[in-house]
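Report on one structure; see the data block that follows.
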Amino acid sequence: MRRPAAGPAPPALSNTHNFHANFQANLHANIHARRNPLVSTTAVAPLTTQDAEILVTAARRAAEAAGTAVSVTVLDAGGHLLAFRRDDRAVLISGETSTRKAYTALQLDAPTADLVDAVQPGGLFHTLPTALDRPLLFIAGGVPLRRAGRLIGAIGVGGGTPQQDHDFATAAVAELG
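The numbering used here applies: residue 688 is where the sequence shown begins, and numbers increase by one.
Now the structure itself:
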């Protein structure tokens, strides 16, 4: 019996594997920080409604420049709504998708664009969307917000393509600084 020829070299680590390693490291750091409150005593200003309005305006401006009508949701660190806006021409479901994207980015402290592969068959979180009774949505467009290294909230954009929504959200985060 003849053996098959050696195939190509194994692929580099996948995005899912990289996400898994980063997720575990962040989870460990967060647990350690909660057990040891002396790890960080620096007060960090929370996300304000003024910050949220800056984010909404910036995301909508980016979407308008691309000719796309969107909905934008901004949540604080506790998952509470700080700002929401749906363009008049945006599809109705974009309001729900923007909110779920923001919630997912906040709960998993990762851009939803980085989580898409993790919920595919064989992915790290393959069963997560159906295992939890939470409004999670694993489509690009949700981005966590950090200040001085701390999670302070999240933004979600819905209404464009997943890549557009991600780009609009990241443009807003960049404008907030």
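Ideal Cβ placement from N, Cα and C applies to all residues, glycine included. All values reported here derive from a predicted model rather than from experimental measurement.
{"Item": "Output the distance between the C-alpha atoms of Gly828 and Ala746, rounded to the nearest integer angstrom.", "Value": "11 Å"}
{"Item": "Just checking my contact of Arg773 with Gly843 at CB under 8 Å: how many whole Å lie between their CB atoms?", "Value": "In fact, because the Cβ distance is near 12 Å, the residues do not count as touching under 8 Å."}
{"Item": "In three-state terms, what does DSSP make of Arg721?", "Value": "For Arg721, the pLDDT reaches just 46, beneath the cut-off of 50, and the residue's location in the model is therefore unreliable, although a value from the coordinates is still provided. Helix."}
{"Item": "Between which two residues does the beta strand (DSSP E) harbouring Ile842 extend?", "Value": "837-845"}
{"Item": "Counting along the chain, where does the beta strand (DSSP E) carrying Asp763 start and finish?", "Value": "758-763"}
{"Item": "Taking only the alpha-carbon atoms, compute the straight-line gap between Ala763 and Ala789 and give it to the nearest angstrom.", "Value": "Checking the sequence shown, residue 763 turns out to be Asp, not Ala. Distance between the alpha carbons of Asp763 and Ala789: 10 Å."}
{"Item": "Apply the 10 Å Cβ neighbour rule to Pro798 and answer buried if 16 or more other Cβ atoms are within range, or exposed otherwise.", "Value": "buried"}
{"Item": "Within 10 angstroms of the Cβ of Leu848, are there 16 or more other Cβ atoms? Answer buried if so, exposed if not.", "Value": "Note on identity: in this sequence residue 848 is Thr, with Leu being the wrong assignment. The residue in question, Thr848, is exposed, as its Cβ has fewer than 16 Cβ neighbours within 10 Å."}
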